[in-house]
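**Student:** Numbering (my numbering), first residue to last: 172 to 487.
Below you will find the structure I want to go over with you.
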Amino acid sequence: MLRVRTRLRPPVLLIAVVGALLAFAATASAEVRTGETSAVFGRATSPEATLVKGDVSYDTTAGTVTFNVTTAAAPHPKNEKGELSSILMNAALFTTSGECASTLRTLQSAGANGSPVLAIPYEYAEPTITVAKFGDPLGAGYVPIGAAEKTVAGTTTTFSVLSTYLVAQTFNCAIVYAGDMEASTLIGFPIKGPPPPPSSPAPIPAPAPAPTSPALSIAKVKPLKLKVGKSRKLEMTVTNTGTAATTQGSLRVKPIEDVRVRPEKQKLPSLAPTESWTVSFRVELTKKAKKSSTLSVTGAAGGVTAKSSLVIKLQE
Numbered sequence: 172m173l174r175v176r177t178r179l180r181p182p183v184l185l186i187a188v189v190g191a192l193l194a195f196a197a198t199a200s201a202e203v204r205t206g207e208t209s210a211v212f213g214r215a216t217s218p219e220a221t222l223v224k225g226d227v228s229y230d231t232t233a234g235t236v237t238f239n240v241t242t243a244a245a246p247h248p249k250n251e252k253g254e255l256s257s258i259l260m261n262a263a264l265f266t267t268s269g270e271c272a273s274t275l276r277t278l279q280s281a282g283a284n285g286s287p288v289l290a291i292p293y294e295y296a297e298p299t300i301t302v303a304k305f306g307d308p309l310g311a312g313y314v315p316i317g318a319a320e321k322t323v324a325g326t327t328t329t330f331s332v333l334s335t336y337l338v339a340q341t342f343n344c345a346i347v348y349a350g351d352m353e354a355s356t357l358i359g360f361p362i363k364g365p366p367p368p369p370s371s372p373a374p375i376p377a378p379a380p381a382p383t384s385p386a387l388s389i390a391k392v393k394p395l396k397l398k399v400g401k402s403r404k405l406e407m408t409v410t411n412t413g414t415a416a417t418t419q420g421s422l423r424v425k426p427i428e429d430v431r432v433r434p435e436k437q438k439l440p441s442l443a444p445t446e447s448w449t450v451s452f453r454v455e456l457t458k459k460a461k462k463s464s465t466l467s468v469t470g471a472a473g474g475v476t477a478k479s480s481l482v483i484k485l486q487e
């Protein structure tokens, strides 16, 4: 691990680093942005200054920020010699156009132009003093925006800040520093809003209605036995077996040389689907009758046709 040493007080160092990482600021849409990491950069001389994990939640509408920072040992105002602790911690939110990560090199490469920063410095020697600062470290500097509520539970320190200064900021990166004059550890991680909800699947189009059309069907008539010169009345039924109404049409029983038909052609009314119509006619065998004769039957309505047949047998 890389050891970080500096002659500057750590809060000053952190502000300088953050100031070198800033990008333009603008208002943002309302959302809660969160992020966390356990990737640590550097090595501290004390477990109290050794960062283990950090996470943050930022509500852009309410202007609230909550940091949770875990160290290898619980922070104390005095060291093992009874002296005031020289360990400090800084937590900050800012906007960067580059990568937000846990390495100093990556953070320094982000570029800067002086957009606002939220900074929370915390001295272990003065555990009750926690003041949040907001401003432009490269321009007018920081202004205090109120006390940050601080609680310590074991090795985790929590900072909570509420301020109108924090409403609708474009913060997208968090860093936490912990260390003393000799060495320090640093974590950095991006904060993001929740992923957008999954897009609704495209509605399934309703199936196209089945095409409708009429259809004619002629009921079959049993073979008929006749004597020469005798006539007989017959009935034939036509049914619309389609899915649309028919137009007006006709039913024709075509006569042949040895069989007379009266009337040869009859009218059919318009028929609704499943509707039937019965027509009647007379047939007669002539002297030229054969033992068996077949007559063709044709029904027609508009462009719809149906065919059948009629068998006449000679009765001796």
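Where a beta carbon is used, it is the ideal one built from N, C-alpha and C, also for glycine.
Source: prediction; values computed, not measured.
How long is the line joining the alpha carbons of residue 465 and residue 416, rounded to whole angstroms?
**Tutor:** C-alpha separation (whole angstroms): 31 angstroms.
**Student:** By DSSP's criteria, residue 406 is part of a beta bridge. Which residues make up the other side?
**Tutor:** For residue 406, which the question treats as bridged, DSSP gives the partners 451.
**Student:** Per DSSP, residue 465 is paired with what?
**Tutor:** According to DSSP, residue 465 bridges with 482.
**Student:** Less than 7 angstroms separating the beta-carbons of residue 484 and residue 426?
**Tutor:** No. Outside cutoff.
**Student:** To the nearest angstrom, how far is the alpha carbon of residue 294 from that of residue 248?
**Tutor:** Rounded to the nearest angstrom, the two C-alpha atoms are 8 angstroms apart.
**Student:** From the DSSP output, which residues share a beta bridge with residue 205?
**Tutor:** Answer by DSSP bridge pairing, in chain order: 228 and 363.
**Student:** So, helix, strand or coil for residue 335, using DSSP?
**Tutor:** Helix, per DSSP.
**Student:** Which residue comes first and which comes last in the beta strand (DSSP E) that contains residue 388?
**Tutor:** Its beta strand (DSSP E) spans residues 387-389.
**Student:** Looking only at its own chain, which residues have a Cβ that is under 6 angstroms from the Cβ of residue 338, when we skip the five neighbours before and after it?
**Tutor:** Closer than 6 angstroms at the Cβ level, and outside the excluded window around residue 338, lie 234.
**Student:** What number of angstroms, rounded off, separates the C-alpha of residue 365 from the C-alpha of residue 333?
**Tutor:** Residue 365 and residue 333: Cα-Cα distance of roughly 21 angstroms.
**Student:** Cα separation between residue 471 and residue 381?
**Tutor:** If you take the alpha carbons of residue 471 and residue 381, they lie about 24 angstroms apart.
**Student:** With distances taken between CB atoms, is the gap from residue 257 to residue 351 smaller than 7 angstroms?
**Tutor:** For residue 257 and residue 351, yes; Cβs fall inside 7 angstroms.
**Student:** Among residues of its own chain, excluding the 5 on either side of residue 203, which ones have a beta-carbon nearer than 6 angstroms to its beta-carbon?
**Tutor:** Taken in chain order, the residues that qualify are 230.
**Student:** If you draw a straight line from the C-alpha of residue 390 to the C-alpha of residue 372, how long is it?
**Tutor:** Each residue's Cα considered, the two are about 51 angstroms apart.
**Student:** Given this structure, state the Cα-to-Cα distance separating residue 271 from residue 378, to the nearest angstrom.
**Tutor:** Roughly 51 angstroms between the two C-alpha positions.
**Student:** Check residue 444 in the structure and name its three-state DSSP category.
**Tutor:** Three-state result, residue 444: coil.
**Student:** Where residue 291 and residue 240 are concerned, what is the direct C-alpha to C-alpha distance, given to the nearest angstrom?
**Tutor:** Each residue's Cα considered, the two are about 12 angstroms apart.
**Student:** Going by CA-CA distance only, name the one from 343, 368 and 354 that's closest to residue 361.
**Tutor:** Checking every option, the nearest Cα to that of residue 361 belongs to 343.
**Student:** Taking only the alpha-carbon atoms, compute the straight-line gap between residue 245 and residue 341 and give it to the nearest angstrom.
**Tutor:** Distance between the alpha carbons of residue 245 and residue 341: 32 angstroms.
**Student:** What residue range does the beta strand (DSSP E) around residue 340 cover?
**Tutor:** Here residue 340 belongs to no beta strand (DSSP E), and DSSP marks it neither H nor E.
**Student:** Assign residue 363 to buried or exposed, taking buried as 16 or more other Cβ atoms, counted over all protein chains shown, within 10 Å of its Cβ.
**Tutor:** Exposed, since its Cβ has fewer than 16 Cβ neighbours within 10 Å.
**Student:** To the nearest angstrom, how far is it from the Cα of residue 297 to the Cα of residue 217?
**Tutor:** If I take the Cα positions, the gap works out to 18 angstroms.
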